[in-house]
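Report on the structure given below.
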Amino acid sequence: MRLALPARRRIQFAGICALLLWSGTVGLAPHASRAAASAPPVPVPDPAHDPPRTLSSDGLPAPRLGAEAAVVYDPASHEILWESNSFTRRPIASITKVMTALVFLEQQPDLDADVVVSRRDVRRASTTYLRRGERVSLYNLLHLALVASDNVAARVLARVSPWGTRGFVEQMNVKATELGLRGTTFTDPSGLHSGNVSTAYDVSRLIVQATNRPVISTIMRKTSYSLRTSRRRLRVRNTNKLLQGRLLVHGGKTGYINASGYCLATVVKLPDREPLSIVVLGAGSNSRRFREVRRLADWVSEHGAALSPPTNRPAD
Numbered sequence: 001m002r003l004a005l006p007a008r009r010r011i012q013f014a015g016i017c018a019l020l021l022w023s024g025t026v027g028l029a030p031h032a033s034r035a036a037a038s039a040p041p042v043p044v045p046d047p048a049h050d051p052p053r054t055l056s057s058d059g060l061p062a063p064r065l066g067a068e069a070a071v072v073y074d075p076a077s078h079e080i081l082w083e084s085n086s087f088t089r090r091p092i093a094s095i096t097k098v099m100t101a102l103v104f105l106e107q108q109p110d111l112d113a114d115v116v117v118s119r120r121d122v123r124r125a126s127t128t129y130l131r132r133g134e135r136v137s138l139y140n141l142l143h144l145a146l147v148a149s150d151n152v153a154a155r156v157l158a159r160v161s162p163w164g165t166r167g168f169v170e171q172m173n174v175k176a177t178e179l180g181l182r183g184t185t186f187t188d189p190s191g192l193h194s195g196n197v198s199t200a201y202d203v204s205r206l207i208v209q210a211t212n213r214p215v216i217s218t219i220m221r222k223t224s225y226s227l228r229t230s231r232r233r234l235r236v237r238n239t240n241k242l243l244q245g246r247l248l249v250h251g252g253k254t255g256y257i258n259a260s261g262y263c264l265a266t267v268v269k270l271p272d273r274e275p276l277s278i279v280v281l282g283a284g285s286n287s288r289r290f291r292e293v294r295r296l297a298d299w300v301s302e303h304g305a306a307l308s309p310p311t312n313r314p315a316d
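This is the structure:
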């Protein structure tokens, strides 16, 4: 005769089994040797219970932007220095991969573990360097996802997690709730689906959270990356062209699908200021998203001291 466990015990038991399965496939031990030096963490308030203060730029020339939405957010002071449609929900494309990396790394996987790319992983993947049947390490998959914006890499990370792909996406939404990202919903780990939506303001806080993770920050700041799969060598370049310019970039991620337009989320350090999070969503071209982020950074450098005290707060 089998004894029936109470519902709560069954949930706990299932969770333990999932973690045991995870440890048997990709490992639970943190990979200490990958902890490269990164930018110091940015102070992050609790935005879930403390809406941001929006400073007034009345009387100042507005930055020339064509993006559908944009924001300059100061995480240290919890102030919005400038914004346009920053609380409007829009598709964010591959910026989704930032949350994929956050959720994946919270499981403290053994990043040296190898996994096999499946046929389903590569099906209709659009941007990818990977092929079915290749073995590749989790560490290299993280680089492919964050540096080259590889869709298959993001799919594999979700699939090999304790929850599988569907459960992983659920965990992405749980994490969004924990971070107070009220306008954010995820439907797949790569960003290919137009159902991955957020706001410029939410994204500005998400990229700060990612930049404060040393592994993610270190990866996002690499201009290129070389790796080896079980079959061949690869070299990929970072899709974030700001890394090749004059701004001091602490981290960032690009995104593009037809529904989103060209998107960019980044954390930059300006002279005599704490790091700022700058986001543009729905820019008109690949080059414009970088140009418009630079314009916002220059605008803050020129006019930031003239911004007035807080004038409003977003609706709950």
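Per the numbering used here, the sequence shown runs over residues 1 to 316. Idealized CB from N, CA, C, for every residue including glycine. Here the structure is a predicted model, which is why all the values come from computation and not from measurement.
| query | Quick one: Cα of Thr218 to Cα of Gly251, how far? | reply | 8 Å
| task | Below 6 Å CB to CB, which residues in the same chain sit around Ser194 once its five sequence neighbours on both sides are set aside? | result | Pro91, Ala259
| request: Measuring alpha carbon to alpha carbon, tell me which of Phe87, Leu81, Arg205, Leu102 ends up nearest Pro214. | output: Leu102
| said: Please report the distance separating the alpha-carbon of Leu65 from that of Glu292. | reply: 6 Å
| task | Out of Ser84, Thr96, Arg124, point me to the one whose CA is closest to Ile207's CA. | result | Thr96
| Tell me the DSSP bridge mates of Val116? | Arg135
| Terminal residues of the alpha helix (DSSP H) in which Lys175 lies | 164-178
| query | Are the beta-carbon atoms of Pro109 and Leu138 separated by less than 7 Å? | reply | yes
| request: In angstroms with no decimal places, state the Cα-to-Cα distance between Leu192 and Ser118. | output: 18 Å
| query | Looking at C-alpha atoms only, which residue of Ala283, Leu248, Ala148, Arg235 is the closest neighbour of Ser126? | reply | Ala148
| field | Distance between Lys253 and Thr239 (C-alpha atoms, nearest Å) | value | 8 Å
| Best match in Leu247, Thr54, Leu242, His143 for proximity to Arg288 [C-alpha to C-alpha] | Leu242
| query | Is Val152 closer than 7 Å to Leu130 when the C-beta atoms are compared? | reply | yes
| said: What does the alpha-carbon distance come out to for the pair Asp298 and Arg232? | reply: 43 Å
| query | Buried or exposed: which applies to Arg221, given that a residue is buried once 16 or more other Cβ atoms fall within 10 Å of its Cβ? | reply | buried
| task | Figure out for me which residue from Ser86, Glu106, Arg237 has the closest Cα to the Cα of Ala67. | result | Ser86
| task | For Ala305, count neighbouring Cβ atoms within 10 angstroms of its own Cβ and tell me buried if that reaches 16, exposed if not. | result | exposed
| field | Which of helix, strand or coil DSSP assigns to Asp298 | value | helix
| request: Measuring alpha carbon to alpha carbon, tell me which of Tyr201, Asn140, Arg155 ends up nearest Thr100. | output: Arg155
| said: Distance check for Ser301 and Tyr73, CA to CA, integer angstroms please. | reply: 14 Å
| Which residues bound the beta strand (DSSP E) around Leu227? | 224-228
| For Leu248: DSSP bridge partner residues | Lys269
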